[in-house]
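S.K.: Right, I'll just put the structure down here and ask away after.
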Amino acid sequence: MHLRHLLPAALLLSMVSFMSAQSPSNATNMVVVRLIGPDGQPGPVIQSPRVIKTDAEWEKQLGLSVYRVLRAKGTEAPFCGNLLDNHKDGVYFCAGCELPLFASSSKFNSGTGWPSFYRPFASENITEIRDVSLGMVRTEILCARCGGHLGHVFDDGPAPTHLRYCLNSAALVFKDEAEVKKMRK
Ligand SMILES: [Zn+2]
250 MHLRHLLPAA LLLSMVSFMS AQSPSNATNM VVVRLIGPDG QPGPVIQSPR
300 VIKTDAEWEK QLGLSVYRVL RAKGTEAPFC GNLLDNHKDG VYFCAGCELP
350 LFASSSKFNS GTGWPSFYRP FASENITEIR DVSLGMVRTE ILCARCGGHL
400 GHVFDDGPAP THLRYCLNSA ALVFKDEAEV KKMRK
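Heads up: the sequence shown is residues 250 to 434, going by this note's numbering.
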């Protein structure tokens, strides 16, 4: 076969190997989450593509202050976040990928200076990992879809769960009831 005919095949092969290196398999690139259902409550579990971006892409999308929290595991200073004193009805979404993470109905005043919730919008939407940084053993919470750092969860919250999800405002985007209504599926 002439070289002219071989080249496209070689190119195709290298593209396929590049793509498979980027996407090992479809299964690992999907995550099970719940979106906002028709009644405003968590909908059925669905498969959603994992949101994967480079650090440069995240920084461009988020801006430096949000990037530092969401992608570099920073913690904002207490009593400084813009959502601490937000008492409106609505839903708090991931600032990175717009996954619904917490409903206003589970927000409470913890006195810590960070927005606090006693349960997530849907347990599927939050990933918990052990965090041993800063000489402490804590449970870090991440967005299940984009892996963004949200904060930590502690077991000193109020009833009924006795959990305290301690969030950085920068990791969240709040949408009020009217905005959430438009997102119902
Ligand atoms: Zn996310």
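Positions of the beta carbon are idealized from the N, C-alpha and C atoms, including for glycine. As the structure is a prediction and not an experimental result, all values here were calculated from the model.
#1: Among 420, 432, 326, which one has its Cα closest to the Cα of residue 345?
#2: Roughly how many whole angstroms lie between the Cα atoms of residue 386 and residue 356?
#3: For residue 301, count neighbouring Cβ atoms within 10 angstroms of its own Cβ and tell me buried if that reaches 16, exposed if not.
#4: Check whether the stretch 329–341 touches the stretch 410–426, taking contact to mean three or more Cβ pairs, one atom from each stretch, closer than 8 angstroms.
#5: Can you list, in chain order, the residues of its chain whose CB lies under 6 angstroms from that of residue 410, leaving out five sequence neighbours each side?
#6: Work out the CA separation of residue 382 and residue 336 for me, nearest whole Å.
#7: Quickly, what does DSSP pair residue 415 with across the bridge? List them, please.
#8: Here's a check: name, in chain order, each residue in its chain whose Cβ is nearer than 8 angstroms to the Cβ of residue 318, leaving out the five neighbours to either side.
#9: Quick one: Cα of residue 426 to Cα of residue 290, how far?
#10: What residues sit near ligand 1, counting only those whose C-beta is closer than 7 angstroms to one of its heavy atoms, in chain order?
#11: Suppose the cutoff is 7 angstroms on Cβ atoms and the five residues either side in sequence are ignored; what does the same chain contact list for residue 314 look like?
M.R.: So, from the data block:
#1: 420 is the residue among 420, 432, 326 whose C-alpha sits nearest the C-alpha of residue 345.
#2: For residue 386 and residue 356, the distance between alpha carbons rounds to 24 angstroms.
#3: Counting Cβ neighbours within 10 Å, residue 301 comes out exposed, since fewer than 16 surround it.
#4: Look at the beta carbons and you see the stretch 329–341 touching the stretch 410–426: at least three pairs across the two are nearer than 8 angstroms.
#5: Excluding positions up to five away in sequence, the list reads 367, 368.
#6: As the crow flies, the alpha-carbon of residue 336 is around 32 angstroms from that of residue 382.
#7: For residue 415, which the question treats as bridged, DSSP gives the partners 365, 401.
#8: Cβ within range, chain order: 324, 325, 398, 417, 419, 420.
#9: A straight line joining the alpha-carbon of residue 426 with that of residue 290 spans about 12 angstroms.
#10: Spelled out in chain order, the answer is 300, 343, 345, 346, 348, 392, 394, 395, 397.
#11: In the same chain as residue 314, and ignoring 5 residues on each side of it, the C-beta atoms closer than 7 angstroms to its own belong to 419, in chain order.
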